[in-house]
Amino acid sequence: MSAPVSPEDTALTYDDLLAAVTDPSGREVLDPATGELVGRVRERTAADLDDAVAAVRAAQPAWAARSDADRVALLHVAADAIEAAAEPLAELLSREQGKPLNGTGARFEVGGCAAWLRATAATPLPGGETVGDPDTPAVLNYRPVGVVGAIGPWNWPMMITIWQIAPALRMGNTVVVKPSEHTPLSVLALLHVLDGVLPADVVRAVAGGREVGAGMAGHPDVDKVMFTGSTATGQAIIRSSADTVKRLTLELGGNDAGIVLPDVDPQAIAEGLFWGAFINTGQTCAALKRLYVHTDVYDAVCSALTEVARAMPMGRGLDEENVLGPLQNRAQYEIVAGLVESARESGARILLGGDPDPQAPGNFYPTTLVADVDDANPLVAQEQFGPALPIIRYTDVEEAIAAANRLDVGLGASVWSSDRDAAREVAGRLEAGTVWINSHGMVHPFIPFGGHKRSGYGLEFGVEGLKAVAVPQIING
Ligand code: NAD
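Written out as structure tokens, the structure reads:
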């Protein structure tokens, strides 16, 4: 087994890391804050995917044959390696994704990768339940699925890769990873670091576009796909995977509602509301994307939120003072700008922002708060996935619950109140996989996470997350 890794052992520099993952003849990857070249990625083909799948398939029996203690130890060694390379990893993530180094940005994400590996290593294994005659019981165990395909998005590229591969490895699977075409270098760099400490071919990356993803979803030698991304792509994956009856975990898009009850202290909740909505500059699956506020506290909540939002610096991620960054790509910038325009044209009131400078470099869209917006407006009804929050007024909580539940997605939701019992009662009526009380979007490695309705199916994290990358087997008798 590999020895623990310390920072002195690796001393990996940013230039070393970039050189390991960039290909001089590859496609340009540009910094969304400046338009400068970050590096070049070699796009892989279906034949490369076949090679990677064959390699991880060949490595899987030996990986599964190791003891659980051995795999746990290696997950900790992988976490050590990430911690030793944390600063260059964070710099590359910040340049490629755009997120600031600080706040809940690139350093937080890299630290989260190491923490998640350790927590996955500490999660109790599922299985061993018995039913029936004590002498000849039926025993439920969990076997590895085999080869897991991991397809990821561009918003939290490293963290989501770890969410996919850590439980898969713990349960004795090997993994092929397809990163988003928008953030391939970050994921290749992360896996380069893991490659240095894990046995050969337990994880392989295949950078490429939707053809590689679709190829993975239809591949006869991939036994399970873990997918995080949009609902439309999730639907395509269901279709591509039908012929092989592939197991799927689908973490899809959301449009999370927050309901503020009339008994809140607006000043006390303003910062929580802000980060619930604007974490990663709004580019987060389970971010607060539409806020329903009771009319009694509407004006006070709007002004407290505006005060907090106005003070949050946005700019290039590598500048240490910033806590908000650019949109990762121009297409997402255009979506956000179009949705804010639709609200403005409908007569909604822009409390803050809404005035990007289209000539300025980078995909910066200012922090935007929109009040007195109609619930049917596209800024409310569609997922903006960016730094623009609509705030809708309501007078009766039944009206807010109905509005929260009326969309066909249900990833997260939140209820804000100084009466926890009242909040829990409302929470229980919301059609969402997770409902937070007086916060929004916090995930925990031991607490299962997954969507309702078209936000997907299957659970990640905790014991349920381990079960999701395993096949239950009953031995009866
Ligand atoms: P996306 O669906 O455009 O792309 C995600 C990945 O799917 C990329 O790697 C892409 O190359 C690949 N892909 C594209 N077409 C494919 C196909 N036909 N078959 C297989 N793979 C294919 O998503 P995105 O724009 O990168 O991410 C943003 C979306 O992801 C938002 O809707 C957000 O809410 C959602 N998201 C959900 C979660 C969650 O946990 N539920 C987490 C993060 C992001």
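When we follow the working numbering, the leftmost residue of the sequence shown carries the number -13, and every step to the right adds one.
Each residue gets a CB set at the ideal place from its N, CA and C atoms; glycine is no exception.
Stretch-stretch touch, CB-based, cutoff 8 Å, three pairs: the stretch 352 to 364 with the stretch 373 to 388: With a cut-off of 8 Å, the stretch 373 to 388 and the stretch 352 to 364 count as touching, because enough Cβ pairs lie within range.
Presumed contact (8 Å Cβ cut-off) between PHE435 and THR420, rounded CB distance: Counted from its first residue, the sequence shown places residue 435 at position 449. Counted from its first residue, the sequence shown places residue 420 at position 434. Yes, PHE435 and THR420 are in contact; Cβ-Cβ is about 6 Å, under 8 Å.
PRO130, enclosing alpha helix (DSSP H) - first and last residue: For the purposes of this step, residue 130 is taken as the residue at position 144 of the sequence shown. Counting along the chain, PRO130 sits inside no alpha helix (DSSP H); it lies in the beta strand (DSSP E) bounded by residues 124 to 130.
Through-space distance from ALA193 to ASP1, alpha-carbon basis: The residue you call residue 1 lines up with position 15 of the sequence shown. The residue you call residue 193 lines up with position 207 of the sequence shown. ASP1 and ALA193 have their C-alpha atoms some 20 Å from each other.
Buried or exposed (CB count within 10 angstroms, at least 16 for buried), TRP102: Taking the sequence shown and counting its residues from 1, one reaches residue 102 at position 116. TRP102 comes out buried.
Whole-angstrom C-beta distance between ALA413 and VAL401, which should lie under 8 Å: By one-based count along the sequence shown, residue 401 stands at place 415. By one-based count along the sequence shown, residue 413 stands at place 427. So it is a contact: roughly 5 Å between Cβ atoms.
Option in ALA222, GLY348, PRO364 with minimal Cα separation from SER332: For the purposes of this step, residue 332 is identified with residue 346 of the sequence shown, where counting begins at 1. Here the closest residue by C-alpha is PRO364.
Terminal residues of the beta strand (DSSP E) in which HIS280 lies: Position 294 of the sequence shown holds residue 280. Looking at the DSSP string, the run of the beta strand (DSSP E) that includes HIS280 is 274 to 280.
Residue burial classification, LEU23 (beta-carbon count within 10 angstroms, cutoff 16): Sequence index remark: in the sequence shown, residue 23 carries index 37 (1-based). The residue in question, LEU23, is exposed, as its Cβ has fewer than 16 Cβ neighbours within 10 Å.
Pick from ALA286, PRO47, LEU78 that is closest to VAL15, judged by C-alpha positions: Stepping through the sequence shown from its first residue, residue 15 is reached at position 29. Of ALA286, PRO47, LEU78, the residue nearest in Cα terms is LEU78.
For GLU167, the nearest candidate out of THR160, ILE137, ALA152, LEU177 (CA to CA): For the purposes of this step, residue 167 is taken as residue 181 along the sequence shown, with counting starting at 1. It is ILE137.
Cβ-Cβ separation, THR106 to LEU61 (assumed contact under 8 Å), whole Å: Position 75 of the sequence shown, counting from 1, holds the residue named residue 61. Position 120 of the sequence shown, counting from 1, holds the residue named residue 106. Cβ-Cβ separation between LEU61 and THR106: approximately 6 Å, consistent with a contact (criterion under 8 Å).
Assigned secondary structure, THR539 (DSSP; H/G/I helix, E/B strand, else coil): Because the chain in this structure spans residues -13 to 463, residue 539 falls outside the shown range and cannot be described.
Residue from ALA108, THR109, ALA124 with nearest C-alpha to GLU115: Counted from its first residue, the sequence shown places residue 115 at position 129. It is ALA124.
For HIS426, the residue or residues it bridges with in DSSP: Counting from one through the sequence shown, the residue named residue 426 turns up at place 440. DSSP lists no partner for HIS426.
Terminal residues of the beta strand (DSSP E) in which MET145 lies: Numbered from its first residue, the sequence shown carries residue 145 at position 159. Note, MET145: premise wrong, no beta strand (DSSP E); alpha helix (DSSP H) at 143 to 156.
For THR90: DSSP bridge partner residues: Looking up residue 90 in the sequence shown gives position 104. Note: THR90 sits in no beta bridge, so no partner.
Rounded distance between the beta-carbons of SER403 and ASP249, thought under 8 Å: Translated into positions along the sequence shown, residue 249 becomes position 263. Translated into positions along the sequence shown, residue 403 becomes position 417. Separation of the CB atoms of ASP249 and SER403 is rounded to 6 Å, and the pair is thereby assigned contact status at 8 Å.
Alpha-carbon spacing of VAL96 relative to PRO110, whole angstroms: Within the sequence shown, residue 96 is the residue found at index 110, counting from 1. Within the sequence shown, residue 110 is the residue found at index 124, counting from 1. Looking at the two C-alpha atoms, the distance is approximately 24 Å.
Residue closest to LEU325, alpha-carbon to alpha-carbon, out of GLN314, PRO312, ASP341, GLY311: Locating residue 325 in the sequence shown gives position 339, where the first residue counts as 1. Closest option to LEU325, Cα to Cα, is ASP341.
CB of GLY372 within 8 Å of CB of THR267, strictly: For the purposes of this step, residue 372 is taken as the residue at position 386 of the sequence shown. For the purposes of this step, residue 267 is taken as the residue at position 281 of the sequence shown. Going by C-beta atoms, GLY372 is nearer than 8 Å to THR267.
Contact test: LYS164 Cβ vs the ligand NAD heavy atom, cutoff 7 Å: Numbered from 1 along the sequence shown, position 178 holds the residue referred to as residue 164. Yes, since a heavy atom of the ligand NAD falls inside the 7 Å radius drawn around the Cβ of LYS164.
Bridge partner(s) assigned by DSSP for TRP402: As a working mapping, residue 402 is identified with position 416 in the sequence shown. DSSP lists VAL246 as partners of TRP402.
Beta-carbon spacing of VAL173, LEU180 below 8 Å: Taking the first residue of the sequence shown as 1, we reach residue 173 at position 187. Taking the first residue of the sequence shown as 1, we reach residue 180 at position 194. No. Outside cutoff.
Given LEU350 as reference, the closest of TYR380, GLY339, ARG26, GLY311 once Cα atoms are compared: In the sequence shown, the residue the question calls residue 350 occupies position 364. Correcting the residue type first, residue 350 is Phe in the shown sequence and not Leu. The candidate whose alpha carbon is nearest that of PHE350 is GLY311.
The ligand NAD heavy atom lying under 7 Å from the CB of LEU238: Position 252 of the sequence shown holds residue 238. Yes, the ligand NAD has a heavy atom inside 7 Å of this Cβ.
In DSSP terms, what THR420 is bridged to: Position 434 of the sequence shown, counted from the first residue, corresponds to residue 420. Bridge partners of THR420: GLY398.
Proximity below 8 Å, CB of ASN391 to CB of GLU417: What you label residue 391 is simply residue 405 of the sequence shown in a count that begins at 1. What you label residue 417 is simply residue 431 of the sequence shown in a count that begins at 1. The answer is yes: Cβ separation under 8 Å.
Bounding residues of the beta strand (DSSP E) (the contiguous stretch that carries GLY448): Residue 448 sits at position 462 when you count from the first residue of the sequence shown. For GLY448, there is no enclosing beta strand (DSSP E); the enclosing alpha helix (DSSP H) covers residues 448 to 453.
PRO311: CB within 7 Å of a non-hydrogen atom of the ligand NAD: As a first step, residue 311 must be located in the sequence shown, where it is residue number 325. Note that residue 311 is Gly in the sequence shown here, rather than Pro. Set against 7 Å, the gap from the CB of GLY311 to the closest heavy atom of the ligand NAD is not smaller.
Proximity of VAL322 and GLN253 at Cβ, strictly below 8 Å: Mapped onto the sequence shown, residue 322 falls at position 336. Mapped onto the sequence shown, residue 253 falls at position 267. Not a contact, by the Cβ cut-off of 8 Å.
Stretch pair the stretch 304 to 318 + the stretch 271 to 286: three plus CB contacts closer than 8 Å: Under the Cβ criterion (8 Å, minimum of three pairs), the stretch 304 to 318 does not count as touching the stretch 271 to 286.
Spatial neighbours of PRO182 in its chain, beta-carbon cut-off 7 Å, leaving aside the 5 residues before and after: In the sequence shown, the residue the question calls residue 182 occupies position 196. Looking at the sequence shown, residue 182 is not Pro but Gly. Scanning its chain for C-beta atoms nearer than 7 Å, with the 5 sequence neighbours on each side dropped, one finds around GLY182 the residues ALA67, in chain order.
Coil, strand or helix - VAL173 by DSSP: The residue you call residue 173 lines up with position 187 of the sequence shown. VAL173 falls in the helix class under three-state DSSP.
Beta-carbon contacts of TYR284 that lie in its chain and below 6 Å, excluding the five residues immediately before and after: As a first step, residue 284 is located in the sequence shown; it is residue number 298 there, counting from the start. Within the same chain, ARG379 come within 6 Å of TYR284 by CB-CB distance, once the 5 residues on both sides are set aside.
Neighbourhood of VAL449 by C-beta, 7 Å cutoff - its chain only, sequence neighbours within 5 removed: Your numbering for residue 449 matches position 463 in the sequence shown. If we look at VAL449 and ignore the five residues flanking it on each side, its Cβ neighbours are THR109, PRO110, PRO112.
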